[in-house]
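Residue numbers (my numbering), protein chains in the order written: chain A, 94 to 362; chain B, 287 to 601; chain C, 428 to 799. Note that the Cβ used here is the ideal one computed from N, Cα and C, for glycine as well. From a predicted model like this one, the values you see are computed outputs, not experimental measurements.
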Amino acid sequence: MTVALNVTDVSLAFGGLKAVSSFSLALPSGGLHGLIGPNGAGKTTLFNLLTGVYRPDTGRIELGDQRIDGKKPSQIAAMGMARTFQNIRLFGELSVIDNVRTAAGLRTKSGLFRTLFRTPMHVAEERAITQRSLELLDVLEITHRKDEQAKGLPYGDQRRLEIARALATEPRVLLLDEPVAGMNTQEKRDMRKLIQSLPDQFGISILLIEHDMGLVMDICEDITVIDHGVTIARGAPTAIQNDPAVIEAYLGVPDESVAVADDALPAAT
Amino acid sequence: MSDLLQTTINTLAVGGLYALIALGYTLVYGILRFINFAHSDIVSWGGWLAFTIASAAGWLATGHSPVFAMPIVLLLTMVICSVLGVTIERLAYRPLRKAPRLNVLITAIGVSLFLQNVGLLDRFFGNRPATMSALLPNDVLATFGGVHLRVYDTLTIVLTVVLVLVLERVIYGTRLGRAMRAVSFDERTAGLMGINVNSIVTVTFAIGSALAAAGGILFALRNDLRQTADASWVLLGLKAFVAAVVGGIGNVRGAATGALLIAFVEVFVHRYVTQAFPDTPWVGQLQDIYVFGILILVLLFKPSGLLGKAVVEKV
Amino acid sequence: MKPVQDRVAALRPSVAGAVGSSLAPFALALGLAVVMDAVIGPAVGATWSKILLDVGIAIVLAGSLNVVNGYAGQFSIGHAGFMLVGGYAAVWLTFYGSVLWFGTKAPIPGFLGSGQLLFLGSCVLGGLVASLFGLLVGLPSLRLRGDYLAIVTLGFGEIVRVLGQLTARQPKSIAAIKGRSMAELANNLGGAEGFSQVPGYTTLFSVYVFAFVLLVLVYRLKYSSKGRALLAVRENEIAAEAMGVDTTRSKVVAFVFAAFFAGIGGAIYAHQVGALDPKELGFQKSIDLVIIVVIGGMGSITGIVIGASILVILPEVFRQFSDYRMIAYALALIVVMILRPQGIMGVKELWETTWWRRRMSALTALMARRKR
């Protein structure tokens, strides 16, 4: 079992606030790992650390056998890590297919000269990009919208487009930040199937942030729970569901000082 | 020694001038994140309106200027320019509150061109320069150690200090000021907290324009009035803008600091460099380069300005 | 799913076909420029020829600015600075070179004779020198965003203008020039008076060769990965970076490209006006160019052409209203920004608009009916 993404002891503090404390993770090749925690726990900050938006104060991050901490986001993307964004960041005025083609452009080698003079290699690369982009739109089932402006898309399709775009960069590791937020039950069911199929279909490993517990417990092999930047639990879904520390983080501990009638508390199972 | 003192006074006066104008830029940028290119035209209109009022009241004929003339002209012009600034905001900028910023920039340029060219019309200020020195002669108020303290310099320094202190008090010590600061941090949230953003913007433009008028009058006294379309107003505005940026745009204390720095470079550094290299003629023309040079240096090494705080974008 | 590079080999076009389609538009550009010069120019007369010339120069300038402001979405408000720098390099070569190497100040006639070649060389030199400055101005974009980068471009434009005004006098007599070297004369760029007696080599042909070539290049840029990368930077810089676009490099490339053509624009401008005055190529000129780009539609090539045409031709049409002309122009600017902020075309090209598509489908329907 190879490790696609190895995070060792990563920390980040904003002034006095410790956003992420000593985070470690070994994402196996082809794995689907979930990252959950209450709001403000530091999950997106972690994604930002992994993708180079922030530089960790301590620790190391390795993608395969290459060290990536301290590198720029565009370099990390080139090395094989892609992401989607919690608050959707599409290229609004561009068409759906152009959003994907832009990302696919990462894997071309033509420079400005070849572009301006439309050399054979440039033409071939552009054709290849279009071909692959169309195939990605197909997998994500948004081909029918390919020429529409991205900003005009319905919400669910926007999230799908974000995934298609990230996949266009030919990543080895894909970070999905709340991919089903705001979707209805049917859409979530479709996305569940889709996300599950990605590791096999594309040969990638996935790290997933989500609040929809049903989805996370269903498709993730392994789950890490963080709260206030600290890892409080890790393990298989069933173990996590019953972990008292996790329950406390999400629901809190009953407050003894407040007098509550006995029948107001849920019966212990 | 007296030379040093004279130069210092000169620097303070020029700095004060820049500060008054820079405050308008910085206040508007702080609230709306928008560089008001038409601001230098409020400055020029301030100068010309003062001239118009003074000549209409007969105070520009030599020896006919009573003591109360200057304060009245100053106050009246500041009020009129306030109204002018508020009107411009209401008509030209407010509709574009949500538009991409380059568009508002272009609108500001349109407003600037409009003000310049209307000012050139004969029915307004005309196409010829004028002078306002008769309103307030630049007498020597005091002399010590060979240094002359003149009216214009004193007036500029005193007026600037007073106005800046009052502004400081308002912004950091009153509810209105707190509201202004809230809007400059986060317009939407401030609105959600019950602050009437439109009123705050109006007040900001009113204050900025009034200060600009004062700056324009003081500039016109020292340098005579050039036509509204003359490059000297644009350059004045540009340097005041640089002062605001260098000090930290969006920051009142920054504007004052930046203005002093720019004035220091323009007056002090220039004077001593020309004295050090008396034989090189072009050395005397470098003031503008110093100013823009400082701008570039600050932007490269501390883009948020000397007193500014970097704004972090949420990813 | 196959990676992009694995597909490339199978999708290569034939070399002959590729070379053909690569160079054909340039040949077309050359041909159209000839038509402009030989047919349209004489047909419309002297006044309109001059206007067409100005439109052509505006297309080169605004079209190049569009790459930075429109595609990459940056605020460059110092474009005239590149014009000035390129213009200086060009007039230095043409004026002094002409005297030192050919012994005359007047334009040397002859199609592709020494005069025209010198002019062509000076345009290219102007472009190259300006692009060096483009690199200089683009580099701060590593650390500066949005408004701050705009301020740097503004500062650049002003610094170039001021430095230009500090250069040494331009010796005007042949005697004064001979005996000095080109290197020595590099500082004699006219100072505050500006550079004058520039030989008038600019013709409709030369202007439109550059204009049409530029249009081909910006078109190709827009519809390519490099162009999409720029548009991505404009739309959402953080997302672009996350998708592998080196945003700083893209911005720098945009600046260098734009500066190159602005330098050429400055060169042809100087050789048309016959002079190069730094005061004319300051902030006001930069803003005029920004206005063309914004009114035409940031990122739209057809928008630029339309914008350049309107903003050059309209002032001529309104000449008679002199005093009120600028006021009307200013009001028009404000009104357009309020009512149609995306400009005339937005980021779309003419053939991408619904208006065009409807006309085209109506036209094809009409033709289909005729055939029956």
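- Neighbours of Lys-653(C) in chain A, taken as residues whose beta carbon is under 7 Å from its own, are Leu-205, Thr-208 in chain order.
- Contact between Leu-511(B) and Phe-337(B) is confirmed by a C-beta separation of about 6 Å, below the 8 Å threshold.
- At a cut-off of 9 Å between beta-carbon atoms, Asp-472(B) makes no contact with chain C.
- Shown here, Pro-213(A) sits in a helix according to DSSP, grouped into three states.
- Residue environment for Phe-578(B): buried (at least 16 other C-beta atoms within 10 angstroms of its C-beta).
- Collapsing the DSSP output to three states places Asn-403(B) in a helix.
- Closest in C-alpha terms to His-698(C), from the list Gly-537(C), Ser-558(C), Lys-798(C), Ser-623(C), comes Ser-623(C).
- DSSP places Glu-155(A) inside the beta strand (DSSP E), whose first and last residues are 151–156.
- Judged by DSSP in its simplified three-state form, Gln-292(B) adopts helix.
- With respect to chain C, the C-beta atom of Gln-289(A) has no partner C-beta closer than 9 Å.
- Residues of chain B whose Cβ lies closer than 9 Å to the Cβ of Ala-757(C) are, in chain order, Ile-395, Gly-396, Val-397, Ser-398, Leu-399, Phe-400, Leu-401, Gln-402, Asn-403, Val-404.
- Each residue's CA atom was taken as its position, placing Leu-407(B) and Ala-515(B) some 11 Å apart.
- Asp-311(A): member of the alpha helix (DSSP H) spanning 306–312, first to last residue.
- Think of a sphere of 7 Å around the beta carbon of Pro-567(C): no beta carbon from chain A falls inside it, the nearest being about 17 Å out.
- Assignment of Leu-616(C) by DSSP, reduced to helix, strand and coil, places it in the coil class.
- Distances from the CA of Val-146(A) to each of Ala-666(C), Thr-780(C), Val-435(C) were compared; the closest alpha carbon is that of Ala-666(C).
- Between the C-alpha atoms of Leu-479(C) and Asp-464(C) there is a straight-line separation of about 10 Å.
- Counting only runs of 4 or more residues that sit fully inside the segment 509–543 of chain B, the alpha helix (DSSP H) segments are 517–534, in chain order.
- Put simply, the CB of Phe-107(A) is far from chain C, with every gap to its CB atoms at 9 Å or more.
- Secondary structure note for Gly-127(A): its beta strand (DSSP E) is the uninterrupted segment 125–129.
- For Val-700(C), no beta strand (DSSP E) run applies; the uninterrupted alpha helix (DSSP H) run containing it begins and ends at 674–700, by DSSP.
- Note on Ser-226(A): 16 or more other CB atoms within 10 angstroms of its CB, so buried under the neighbour-count rule.
- For Arg-211(A), the chain C residues whose C-beta falls within less than 8 Å of its own C-beta are Ala-445, Ser-448, Ser-449, Arg-647, listed in chain order.
- Residue pairing for Arg-160(A): DSSP places it in a beta bridge opposite Glu-155(A).
- Nearest CB-CB separation between Met-428(C) and chain A: below the 9 Å threshold.
- In the displayed model, Ile-299(A) falls within a strand according to three-state DSSP.
- In the three-state scheme derived from DSSP, where H, G and I count as helix and E and B as strand, Asn-99(A) is classed as strand.
- Contact check for Pro-626(C) and Thr-521(C): beta-carbon distance about 6 Å, within the 8 Å limit, so the pair qualifies.
- The Cβ of Glu-620(C) sits no closer than 9 Å to any Cβ of chain A.
- For Val-589(C), the neighbours in chain B by C-beta distance under 7 Å run, in chain order, Asp-574, Ile-575.
- In this structure Ile-312(A) is not in contact with Lys-239(A), their Cβ atoms being roughly 28 Å apart against a cut-off of 8 Å.
- Nearest to Ala-261(A) by C-alpha distance, out of Met-428(C), Glu-776(C), Ile-765(C), Leu-777(C), is Met-428(C).
- Residue-level contact by beta carbon fails for Phe-411(B) and chain C, as no gap is shorter than 9 Å.
- Beta-bridge partners assigned by DSSP to His-434(B): Thr-429(B).
- Residues of chain C with a Cβ closer than 9 Å to the Cβ of Phe-578(B) are, in chain order, Leu-581, Gly-582, Phe-583, Glu-585, Ile-586, Val-589.
- In the DSSP assignment, Pro-440(C) forms no beta bridge with any residue.
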